[in-house]
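Enquirer: Under the working numbering, the sequence shown has 1147 at position 78, and the numbering climbs by one with no breaks. Yeah, the Cβ is synthetic: ideal placement off N, Cα and C, and Gly gets one too. Got a structure here, written out as structure tokens. Questions coming.
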Amino acid sequence: MKKSVSTKPGARQLAGKTFNSPAAEERRQSLLILINRADDDAFVSARAKEFLDSVYRYYDWPGVTLAGPLTWSEDPFHDPSWNWRLHVMKSVFYLARAYELGGGIRYLRRAEELVLSWIDRNCIGETEPPSPYSWDEHSTPLRLIHWLYFFEIWH
1070 MKKSVSTKPG ARQLAGKTFN SPAAEERRQS LLILINRADD DAFVSARAKE
1120 FLDSVYRYYD WPGVTLAGPL TWSEDPFHDP SWNWRLHVMK SVFYLARAYE
1170 LGGGIRYLRR AEELVLSWID RNCIGETEPP SPYSWDEHST PLRLIHWLYF
1220 FEIWH
């Protein structure tokens, strides 16, 4: 990941392009409103810390530590809804937002690691994806929204 260089307060540059234009900031704010309607910053930071530590907690399920690289077929509660939530990848939003709130670069790196892991395991050509939710009509657009927020910060 290349470090961005600021030319003016609040501006990020990569390969000579400024990314914190008013339009980019407006996109990021719109995504933030869309994704994070109810969660306050303390909740987001706490959830991000769990994902940083490989603890996956969704709604009413207890947190589960999934050590090592994900296969993206994990389903510790034998509940398809849990695996669906894994593929929605709100974890990437929480980690990117925690970075933005001052949590440190490790949050952004963990988000990047999850995105690349998902791509590696789910975009594998002619073989079956690891889960029916890899390319599900509902999980895919939600994952895209979370990834867009991440990429708005990551670049």
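Which of helix, strand or coil does DSSP assign to Thr1209?
Expert: Helix, per DSSP.
Enquirer: Grab me the residues of Lys1118's own chain with a C-beta within less than 6 angstroms of its C-beta, minus the 5 sequence neighbours each way, in chain order.
Expert: Within the same chain, Lys1118 has no close Cβ partners at all.
Enquirer: Under the assumption that Ile1222 contacts Ala1136 (Cβ atoms under 8 angstroms), give the Cβ distance between them as a whole number of angstroms.
Expert: 26 angstroms between Cβ atoms; not a contact.
Enquirer: What separation, rounded to the nearest whole angstrom, lies between the Cα atoms of Phe1220 and Val1133?
Expert: Between Phe1220 and Val1133, the C-alpha separation is close to 27 angstroms.
Enquirer: Please state whether the Cβ-Cβ distance between Ile1102 and Phe1162 is less than 8 angstroms.
Expert: Not in contact: Ile1102 and Phe1162 (Cβ atoms no closer than 8 angstroms).
Enquirer: Under a three-way DSSP split, which group does His1218 fall into?
Expert: Reading the sequence as shown, one finds Tyr at residue 1218 and not His. In the structure shown, Tyr1218 sits in a helix (DSSP, three-state: H, G or I).
Enquirer: Specify the secondary structure class of Tyr1128 as computed by DSSP and reduced to three states.
Expert: Looking at Tyr1128 - three-state DSSP - the assignment turns out to be coil, as it is neither helix nor strand.
Enquirer: Just the Cα atoms here: how many angstroms apart are Glu1095 and Leu1185?
Expert: Taking the straight line from one Cα to the other gives about 26 angstroms.
Enquirer: So is the beta-carbon of Leu1103 under 7 angstroms away from any non-hydrogen atom of the ligand SAH?
Expert: This structure lacks the ligand SAH; in fact it carries no ligand of any kind.
Enquirer: Please classify Tyr1128: is it buried, with 16 or more other beta-carbons within 10 angstroms of its beta-carbon, or exposed?
Expert: Result: exposed.
Enquirer: Considering only the beta carbon of each residue, do Gly1173 and Ser1114 sit closer than 8 angstroms?
Expert: No.
Enquirer: Rounded to the nearest angstrom, how far is the Cβ of Ser1058 from that of His1156, given a contact under 8 angstroms?
Expert: Residue coverage of the chain in this structure runs from 1070 to 1224, which leaves residue 1058 outside it and unanswerable.
Enquirer: Just reading off the alpha helix (DSSP H) that Trp1187 is part of, what are its end residues?
Expert: Per DSSP, Trp1187 belongs to the alpha helix (DSSP H) from 1174 to 1191.
Enquirer: Does the separation of the CB atoms of Tyr1176 and Leu1100 fall below 8 angstroms?
Expert: No; because the gap between Cβ atoms is not below 8 angstroms, this pair is not in contact.
Enquirer: I'd like to confirm the pairing. Which residues does DSSP put opposite Val1133 in its beta bridges?
Expert: In the DSSP output, where bridge partners are listed per residue, Val1133 has Tyr1125.
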